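Engineer: All letters in the sequence shown, in the order written, are residues 496 to 896 by our numbering.
Quick one: the structure is below, questions incoming.
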Amino acid sequence: MKQINGKNSVKFLLVMALLVTLMACQSSPERVTPVTPGSNQPGAGTQTSSGSTAGGRDRKLTVVEGSAQKDNQEVAVDRIHRLEGSNIEAWLSDDEVRINTTKLLKSGTDTEEPKYSYTTSIVDLSTEEQREVMDNQQQLQEIVKEAVSPDGKFSFIQKWKNKYTADNFIKNLSTGKSIAVKGDNYMETGGWLDNDSYILAAGSMKGRGDIRQIATDGTFTKLALEDKDVEYFNRFGVSKGRIYYTDLKNNLKGFEPGKAQLTILAKGVWDFEISPDSKHIAVSTVSDQGKLGTELLIYDSVGSLQGSLIAKGDMMSYLAWSPDSSKLAFDVYTTDKSGMNGVFIFDSATGKVSPIGPSYSPVGQSYNPQYPLSWSPSGKRLGITIEDKASLIVTQVIDFK
């Protein structure tokens with residue numbers, strides 16, 4: 496049901512190892528480069544390692560190194576809710592959040608693994624009341640995932656039988672009628688291509704599986720993709736008539752259904768996230784060859800680079816757009832403490848980048864998330880889960896002013 500991820504306890508080491516590997520073989524992000532199936536050679540218009548394009552256009556960093564750490568530039572915070580030993584599973588409303596709490600029952604030894612207990616609860620942030628979810632209630636709440644079409648008339652629904660297989664449906668939101676979509680899937684990756692069709696990367700226990708274009712009447716066609724550099728879809732997204740994914744060489748590629756030509760948007764891509772309104776694509780990449788680091792760039796829905804470099808550091812783990820697409824939350828880790836460290840908010844309208852903390856951090860230090868950043872439905876709250884010596888992890892839900 497979930498995308499393939501490493502354990503959170505070794506996430507940092509895995510990320511750093513991958514970054515070192517990418518530095519050895521990848522250069523700085525490239526501008527849009529058309530390629531055809533079977534061709535691995537990028538075309539003209541690439542950028543030099545200095546950050547200038549071949550045409551002479553320079554990209555300038557909008558955030559001056561170190562300046563983002565000043566207290567007077569921090570995001571205005573109204574309140575912080577602290578959830579000990581817990582991570583966010585889902586937002587049920589703007590006030591209610593479902594959490595999973597982990598407690599250490601017995602420490603591990605050289606011959607025995609540590610033992611933990613896991614509890615699912617629902618917390619009302621307006622009252623701070625918490626109620627435990629029974630097993631049958633938890634099962635009912637966890638099996639459904641829904642994505643509404645851009646025009647709000649239909650939704651694509653997945654009802655998970657177990658962790659790896661799901662039944663799919665198209666629901667007419669005006670009538671409430673649901674139509675079953677044939678075929679199993681093993682991944683929950685996909686998105687609305689337009690108002691009339693949903694793209695699903697179905698996944699498979701063997702290979703990458705099908706890419707299905709599902710119509711609102713429940714029928715679907717399989718989309719062909721000729722790309723030898725994709726064994727499975729680690730990152731996959733859909734935006735305004737185009738499909739995006741990363742390949743084995745960490746290239747971010749895009750294509751339109753029915754067209755053979757692929758487009759390389761950027762090389763050395765660590766992650767990407769499409770905004771809910773499909774107008775922006777946030778991309779974190781590996782920096783210049785031979786240097787440790789990542790960069791954050793914003794593209795539009797057709798793959799054109801938008802403005803300047805947003806942020807840079809040694810590592811970025813998570814990107815998360817607010818539901819209304821007005822803000823992007825992301826985290827940066829930099830060994831040089833004068834650089835960017837912690838969680839930041841990018842305002843897509845103004846281009847401003849503001850840090851969260853360190854004054855809001857529980858120990859006065861920058862946040863380094865251990866789980867994905869999680870926005871509330873209104874975008875007025877953000878959940879950040881970090882390590883905690885006393886309770887393994889702690890989630891802080893931040894209420895913005």
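In this text, a Cβ means the ideal position worked out from N, Cα and C, and glycines have one as well.
Predicted model, so just to flag it, every value in this text is computed and none were measured.
Quick one: what's Lys653 bridged to in DSSP?
Structural biologist: Reading off the sequence shown, one finds Gln at residue 653, where the question assumed Lys. Answer by DSSP bridge pairing, in chain order: Lys640, Asn663.
Engineer: For Thr758 and Glu751, I'd like the C-alpha separation in whole angstroms.
Structural biologist: Cα-Cα distance, rounded: 10 Å.
Engineer: From the DSSP output, in three-state form, read off Gln467 for me.
Structural biologist: Lying before the first or after the last residue shown, residue 467 is absent from the chain, which here runs from 496 to 896.
Engineer: How about Ser692 and Lys666: do their beta carbons lie closer than 7 Å?
Structural biologist: no
Engineer: Which of the three DSSP states is assigned to Gln568 in this structure?
Structural biologist: helix
Engineer: Find out if the Cβ-Cβ distance for the pair Pro872, Trp586 is shorter than 7 Å.
Structural biologist: yes
Engineer: Leaving out five residues on either side along the sequence, give the residues of the same chain with a beta carbon under 8 Å from the beta carbon of Asp722.
Structural biologist: Hits under 8 Å: Pro532, Asp742, Lys748, Leu757.
Engineer: For Tyr794, which residues does DSSP report across the bridge?
Structural biologist: Note: Tyr794 sits in a beta bridge opposite Ile776, Leu800.
Engineer: For Arg552, which of helix, strand or coil comes out of DSSP?
Structural biologist: At Arg552, the pLDDT of 38 sits below 50, so the modelled position is not reliable; the number obtained from the coordinates is stated separately. Here Arg552 sits in coil by DSSP.
Engineer: Tell me which same chain residues have a C-beta within less than 7 Å of the C-beta of Lys884, skipping the five on either side of it?
Structural biologist: Cβ within range, chain order: n/a, list empty.
Engineer: Among Ile583, Glu607, Ser812, Met811, which one has its Cα closest to the Cα of Thr597?
Structural biologist: Ile583
Engineer: So, with DSSP's three-state summary, where would you put Arg593?
Structural biologist: strand
Engineer: Would you tell me roughly how many angstroms separate the C-alpha atoms of Gly753 and Ile617, rounded to the nearest one?
Structural biologist: 45 Å
Engineer: Nearest to Tyr813 by alpha carbon, out of Ser673, Ser820, Ser779?
Structural biologist: Ser779
Engineer: Please state whether DSSP places Ile900 in a helix, a strand or coil.
Structural biologist: This structure does not reach residue 900, given that the chain is present from 496 up to 896, and the question cannot be answered.
Engineer: Could you round the C-beta distance between Ile805 and Val848 to whole angstroms and report it? I think they count as a contact, below 8 Å.
Structural biologist: 6 Å
Engineer: Let me know the secondary structure DSSP gives Glu768 once reduced to three states.
Structural biologist: Residue state, collapsed to three classes: strand.
Engineer: If the criterion is Cβ atoms closer than 7 Å, does the pair Tyr862 and Gly878 meet it?
Structural biologist: no
Engineer: Taking only the alpha-carbon atoms, compute the straight-line gap between Ile575 and Phe841 and give it to the nearest angstrom.
Structural biologist: 20 Å
Engineer: Over what stretch of residues does the beta strand (DSSP E) that includes Val889 continue unbroken?
Structural biologist: 887–895
Engineer: What does the Cβ neighbour count give for Gln891, buried or exposed, with the cut at 16 atoms within 10 Å?
Structural biologist: Buried is the label assigned to Gln891, since at least 16 other Cβ atoms lie within 10 Å of its Cβ.
Engineer: One question on the structure: do Ala821 and Ser770 come within less than 7 Å of each other, judged by their Cβ atoms?
Structural biologist: Reading the sequence as shown, one finds Ser at residue 821 and not Ala. No.
Engineer: Does DSSP classify Tyr813 as helix, strand or coil?
Structural biologist: Correct three-state label for Tyr813: coil.
Engineer: With a Cβ-Cβ cutoff of 7 Å, do Gln708 and Thr714 count as a contact?
Structural biologist: no
Engineer: Among the residues of its own chain, which have a CB less than 7 Å from the CB of Val764, if the five just before and after it don't count?
Structural biologist: Thr741, Asn745, Asn746, Leu747, Val778, Thr780
Engineer: Where does Arg626 fall in DSSP's three states?
Structural biologist: strand
Engineer: Closer than 8 Å by C-beta to Val725: which residues in its own chain qualify, once you throw out the five before and the five after it? Chain order, please.
Structural biologist: Arg703, Tyr740, Asp742, Leu743
Engineer: Is the distance from the Cβ of Leu620 to the Cβ of Asp573 below 7 Å?
Structural biologist: no
Engineer: Residues in the same chain with beta-carbon distance under 8 Å from Ile694, minus the five sequence neighbours each way, listed in chain order, please.
Structural biologist: Gly685, Gly686, Trp687, Leu688, Ile706, Arg707, Gln708, Ile709, Leu718, Val733, Ile738, Pro752
Engineer: Any idea which residues DSSP pairs Asn582 with across the strands?
Structural biologist: Asn595
Engineer: Where do the N-terminal and C-terminal ends of the beta strand (DSSP E) with Leu877 fall, by residue?
Structural biologist: 876–883
Engineer: Tell me which residues share the same chain as Asp646 and place their Cβ nearer than 8 Å to its Cβ, disregarding the 5 neighbours each side in the sequence.
Structural biologist: Asn690
Engineer: Within this structure, are the beta carbons of Ala696 and Phe664 separated by less than 7 Å?
Structural biologist: no
Engineer: How is the beta strand (DSSP E) around Arg703 delimited, first residue to last?
Structural biologist: Per DSSP, Arg703 belongs to no beta strand (DSSP E) and is neither H nor E.
Engineer: Just how far apart, CA to CA, sit Arg897 and Leu720?
Structural biologist: The chain is shown only over 496 to 896; residue 897 falls outside these bounds and no answer can be derived.
Engineer: For the beta strand (DSSP E) that Ser465 lies in, which residues bound it at each end?
Structural biologist: Any property of residue 465 remains undetermined from this structure, which presents the chain solely from 496 to 896.
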